[in-house]
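Numbering (the working numbering), first residue to last: -3 to 300. For reference, the structure discussed in these notes is given below.
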Amino acid sequence: AAARLADRACGRVLCPVQRSRRPGLARPQSLLGGRRRRRRRRVFSRPRLLSRVGRRAGRGGRGRGGGGRAAAVQPRTASAAPRWLGGAPDDEQRFWHTPPPPQRVGHGKGRLSRRFRGAPIGGSWSWAPLQPSLQPTGLEVDPTGNGLYAFNADCLSVSSDQGRSWSPCSQAAGLTGRLHQLLVVNTRVMFLTRVGAVPLRTTDGGQSWHELGGCAHLFKHGATLDGSLSWSGRTLVLHGADLGAIGRGEYGTAVWRSTNDGDDWTDETGDLVTISPGPGVWYEDDFYLVTRGEGVTVKRQFER
């Protein structure tokens, strides 16, 4: 009993080292608290930004993400025909953040949108209030000139002085319907997708607009599709889904491509099975299509 009391006193107060149960080994002890207590780490839940299955799938085996499955994204080959591939890319994962909507000043229906103007290349920023008649939902830049376009569902306006002043809403011939998205090829050629209607095209810098009759079939039931221009501006893609197709017993997802400014179209939907397509993004000559909850797909060498 005396030996046990001595060991206990040594472990708690007097001795920084206490004999281990195994002879010849010792473990450090706290001078004030006996055995060191390991702190429990607090684990914070965080959203899973992107699955790593695509990165690990090509390694095989039975580790996490393995199971002997083939790689999620095949390497790019010059001779392979374009087809839709699924999964996450094997290279370093990168993430982009959508900028916040323009700040509004005041309350109620009279609120005004403002935008930041930065020069040069975002070195400094200043507020530039927008006129009450122009409250845009999107901005597009002419890559070949100095035009800056602002639009919302009912108005299309242009600025030639970096947004300091804006033209009145365009009253050009053929510019009808609710505007959805503006795509600018150059100073003269632009496309406008509309809500539930066939997209429009101008070839005279916005003086007149005409429907793209070659893709009218996609919009006969009132679908609203997005558009994406390749980096070169030579290839236009319409992509999205007709949300009423399921009720008609049809497949509503569509990816159509044009290489002559919307005169002719090719159905590139192919082996896609998703019914929830999301945004489409070009990177060089590859076209990526994001799906809502079903991964990312890509067609290599889509601009050929």
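Cβ atoms here follow ideal geometry from the backbone N, Cα and C, with glycine treated the same way.
Linking N256 to E136 through their CA atoms gives a straight-line distance of about 21 Å.
Remark: C-beta atoms of L234 and L221 approach each other more closely than 8 Å.
With 16 or more other Cβ atoms inside 10 Å of its own Cβ, K295 counts as buried. Residue nearest to S122 within the set T140, G159 and G276 is G159 (criterion: CA-CA distance). Assigned with DSSP and collapsed to three states, H213 falls in helix. Taking C-beta atoms as the reference points, L208 and V191 fail to come closer than 8 Å.
The DSSP assignment places 121 to 125 and 134 to 137 as complete runs of the beta strand (DSSP E) inside the segment 116 to 147, in order along the chain (cut-off: 3 residues). Closest in C-alpha terms to H176, from the list G143, A241, T133 and G202, comes T133. In its chain, beyond the 5 residues on either side, W252 have a beta carbon closer than 7 Å to the beta carbon of D263. The alpha-carbon of S161 is positioned some 48 Å away from that of R244.
In chain order, E136, D138 and M186 place their CB closer than 6 Å to the CB of V180, counting only its own chain and leaving out the 5 sequence neighbours on each side. Within the DSSP bridge table, the entry for Q177 names T189 as partners. Residue S204 holds the alpha-carbon nearest to the alpha-carbon of T172 among S204, R184, S163 and S156. Between S226 and W278, the beta carbon gap of about 5 Å places them in contact (Cβ cut-off 8 Å). By DSSP's assignment, C165 forms no beta bridge with any residue. In the DSSP secondary-structure assignment, A237 is bridged to T249. At the C-beta level, T198 and G141 stay beyond 8 Å of one another. About 7 Å separates the beta carbon of S228 from that of E299, a gap short enough to meet the 8 Å contact definition. Annotated three-state conformation of R230 is coil, per DSSP. Scanning D259, L285, H213 and Q167 for the CA closest to the CA of T270 turns up L285.
In this structure, DSSP gives R197 an extended state, which the three-state scheme calls strand. S153 counts as buried, since at least 16 other C-beta atoms from the protein chains shown sit within 10 angstroms of its C-beta. Between G210 and G258, the C-beta spacing is below 8 Å.
Shortest Cα-Cα distance from G248 to any of R230, D157 and P273 involves P273. Judged by beta-carbon spacing, D200 lies beyond the 8 Å limit of R174, meaning their Cβ atoms are not closer than that value.
In the three-state reduction of the DSSP assignment, G243 falls in the helix class, which pools H, G and I.
Under the three-state reduction of DSSP, F283 is assigned to strand.
Beta-bridge pairing by DSSP links L171 to no other residue. The residues G192, in chain order, have a CB closer than 6 Å to that of G218 in the same chain once the five nearest residues on each side in sequence are set aside.
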